[in-house]
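Residue numbering for the sequence shown is 323 to 584, as defined by our numbering.
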Amino acid sequence: MGETFQGKDGKTFRLDQLASLQSNQPPTVIRERDGQPFSRVTANIISQDVGKVTRQTEEVLRGLSLPSGVKYSLGGTTEQVNQMIYDMSIALSCSVLLVLSIVSAVFRGWKAPLAVLLCVPLALIGSVWGMFLFSKEWDLSAFVGLLMLTGIVVTNGIVLVDKIERNLNSGMVLEKAVIQGTRSRVRPVLITAWTTILTLLPLALSHSKDTVISQTLGIIVVGGMISSTLISLLVIPIFYEWIQNKTIGRRKHVSRGQDMGY
């Protein structure tokens, strides 16, 4: 900073009078994304609870006073997990629509599929309560658990509704067909449910750090199976009989109108 320069008039000036110099290490590569320069900050996550680390990181970043025009986004594992959760949510929606289409084709109508799909929201009741009681977050393993749960509870619903439909086709009156069909399917449904619950219960109750992801999956499936099994054996037969009665009543109304010349 002691260098001097001589002007046209013969006066001398020191360099520090003309400029303020700072030593700095410029970036060797300037990265751009969508036409905007960006810099990447990396770190290794040693915890297996990625969601918790992400929340803590976002809390720290929200507390920073960033210059105007500067913003941040989380990438790496967090970005991949968020993308997988989005993909799994789409897969879950598609699986429900696919199940609805298949069941509609098998039963050749819409009443039985609606009764079968009623198992899904009934299962969600237990899953949501389980996640709340264990203070867990809806992460990737939760959506995997929902996919598993959907397949299991829909199978139980098909077993129940199929027996009721066969009773109706054999000539039974509606009320008797529903009651007899439900009674005959209580044992198979309970065996399927409790086998699944007892298998995944150790996983759902585990607090080991090595099973953080699997614990969420276990909570989703166990909670959903408990609520779906206990409620569906009561709600599905009632719902199915109600739909059938509404259909029969509508047919009688149309038939009465035709007889009267309307």
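Glycine included, every Cβ here is placed at the ideal spot set by N, Cα and C.
Would you kindly check if the distance between the Cβ of residue j and the Cβ of residue i is under 8 Å?
{"i": "Val511", "j": "Pro559", "result": "no"}
{"i": "Leu555", "j": "Thr504", "result": "yes"}
{"i": "Thr364", "j": "Leu414", "result": "no"}
{"i": "Asn478", "j": "Ala515", "result": "yes"}
{"i": "Ile447", "j": "Ser536", "result": "no"}
{"i": "Arg509", "j": "Lys485", "result": "no"}
{"i": "Leu469", "j": "Ser417", "result": "yes"}
For residue i, count the other beta carbons within 10 Å of its own beta carbon; 16 or more makes it buried, fewer makes it exposed. Which is it?
{"i": "Tyr394", "result": "exposed"}
{"i": "Gln580", "result": "Low confidence applies to Gln580: its pLDDT is 48, below 50, so where it sits in the model is not reliable enough to give any reading."}
{"i": "His575", "result": "Unreliable placement is indicated for His575, whose pLDDT of 46 sits below 50; the coordinate value is still reported in the next sentence. By the neighbour-count rule (16 or more Cβ atoms within 10 Å), His575 is not buried but exposed."}
{"i": "Val382", "result": "exposed"}
{"i": "Arg362", "result": "exposed"}
{"i": "Arg377", "result": "exposed"}
{"i": "Asn489", "result": "buried"}
{"i": "Ser449", "result": "buried"}
Give the C-beta separation of residue i and residue j to the nearest angstrom, bearing in mind that I take them to be a contact with Cβ-Cβ under 8 Å.
{"i": "Val475", "j": "Gly546", "result": "7 Å"}
{"i": "Ile519", "j": "Val557", "result": "Going by Cβ atoms, the distance from Ile519 to Val557 rounds to 19 Å, so no, they are not a contact pair."}
{"i": "Ile565", "j": "Leu422", "result": "Actually they do not touch by this definition, with Cβ atoms about 15 Å apart."}
Taking the continuous beta strand (DSSP E) assigned at residue i, which residues delimit it?
{"i": "Pro594", "result": "Any property of residue 594 remains undetermined from this structure, which presents the chain solely from 323 to 584."}
{"i": "Glu497", "result": "Where Glu497 is concerned, there is no enclosing beta strand (DSSP E), although the alpha helix (DSSP H) it sits in stretches over 496 to 527."}
{"i": "Phe335", "result": "334 to 336"}
{"i": "Glu459", "result": "Taken as a continuous stretch (DSSP letters only), Glu459 belongs to no beta strand (DSSP E), as it is neither H nor E."}
{"i": "Arg355", "result": "353 to 355"}
Considering residue i, what are the terminal residues of the alpha helix (DSSP H) in which it resides?
{"i": "Leu439", "result": "433 to 439"}
Under a CB-based cut-off of 8 Å, is residue i close to chain E?
{"i": "Leu523", "result": "Reference to chain E is not applicable here, since this structure consists of a single protein chain."}
Query raised in the report: Per the contact definition of three or more C-beta pairs closer than 8 Å, is the stretch 404 to 411 in contact with the stretch 439 to 450?
Result: Contact between the stretch 439 to 450 and the stretch 404 to 411 is absent, because fewer than three Cβ pairs lie under 8 Å.
Query raised in the report: Counting Cβ pairs, one atom from each stretch, are 3 or more of them under 8 Å apart for the stretch 407 to 420 and the stretch 449 to 466?
Result: Enough Cβ pairs lie closer than 8 Å, so yes.
Query raised in the report: Does the stretch 517 to 532 come close enough to the stretch 488 to 508 that 3 or more CB-CB pairs lie under 8 Å?
Result: No, the stretch 488 to 508 does not touch the stretch 517 to 532.
Query raised in the report: Taking contact to mean at least 3 C-beta pairs separated by less than 8 Å, is the stretch 453 to 462 in contact with the stretch 418 to 436?
Result: Per the Cβ contact rule, the stretch 453 to 462 is not in contact with the stretch 418 to 436 (fewer than 3 Cβ pairs under 8 Å).
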